[in-house]
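Asker: In this note's numbering, the protein residues as written are 669 to 895.
1) Taking only beta-carbon positions, decide if residue 862 is within less than 8 Å of chain C.
2) Going residue by residue through the stretch 754–804, where are the continuous alpha helix (DSSP H) segments of at least 4 residues, counting only ones entirely within it?
3) Any heavy atom of the ligand ATP closer than 7 Å to the Cβ of residue 807?
4) Determine the closest residue to residue 689 out of 778, 867, 759, 765, with distance taken between C-alpha atoms.
5) CB-CB under 6 Å to residue 823, same chain, minus the five flanking residues each way: which ones, in chain order?
6) Could you tell me whether the Cβ atoms of residue 856 and residue 825 are closer together than 8 Å?
7) Can you list, in chain order, the residues of its chain with a C-beta nearer than 6 Å to that of residue 803? Leave out the 5 residues immediately preceding and following it.
8) Span of the beta strand (DSSP E) holding residue 701?
9) If you check the beta carbons only, do residue 784 and residue 830 fall under 8 Å apart?
10) What does a CB cutoff of less than 6 Å around residue 851 pick up in its chain, not counting 5 residues either side in sequence?
11) From the DSSP output, which residues share a beta bridge with residue 833?
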């Protein structure tokens, strides 16, 4: 009988090996790495533009951007003052550690405090792939509906933060914030739940404070480890 090969397991094992290398690299530089996951159009790039405005020049930031086509998001981030490197997947629904590793070799983002990975717009496929990040963040815009955490439990279970975007539109759509918070907390009691509007700036301070706290925690752990 022929031998059965679990191709997916082999792919994920290789992905995890490369992700470990990425994580080790940024552990040495004490860089906080954040993987943003959401549906298309939820506002990942807009949130990063607001983040650049709020934290520059206090922090050095950069972003690896994943898209099926066009470099528009990377161009927007560069215009906002955040160095960015665009990965075009040509149809792929998620980034993997190989793509990120190759991008980092080209981009030379060595001296950064905070590295964002803006994943391809998709709530399903990116969830299974470790990119060497410190944690994932799930974004959900109020225009997408309030039923998403239980419909897409994998990402909301694994994300360190759930960020609601486009809150300035709450008066114009049916979106129950309490329901979404309850579902997100049911899936992950430790998740940080934030409500933002990058255009009007509510919630951006809470978001950036969360990032700075996580960065300080990573650096403190690094000091303890090297003592």
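Quick reminder that beta carbons are idealized off the backbone N, C-alpha and C, glycines included. Keep in mind that this is a model prediction, so the values were computed, not measured.
Answerer: On the basis of the coordinates in this document:
1) Reference to chain C is not applicable here, since this structure consists of a single protein chain.
2) 765–775
3) As far as ligands go, the structure on display features none, and thus does not contain the ligand ATP.
4) 765
5) 705, 791, 795, 806
6) yes
7) 828
8) 700–705
9) no
10) 817, 818
11) 809
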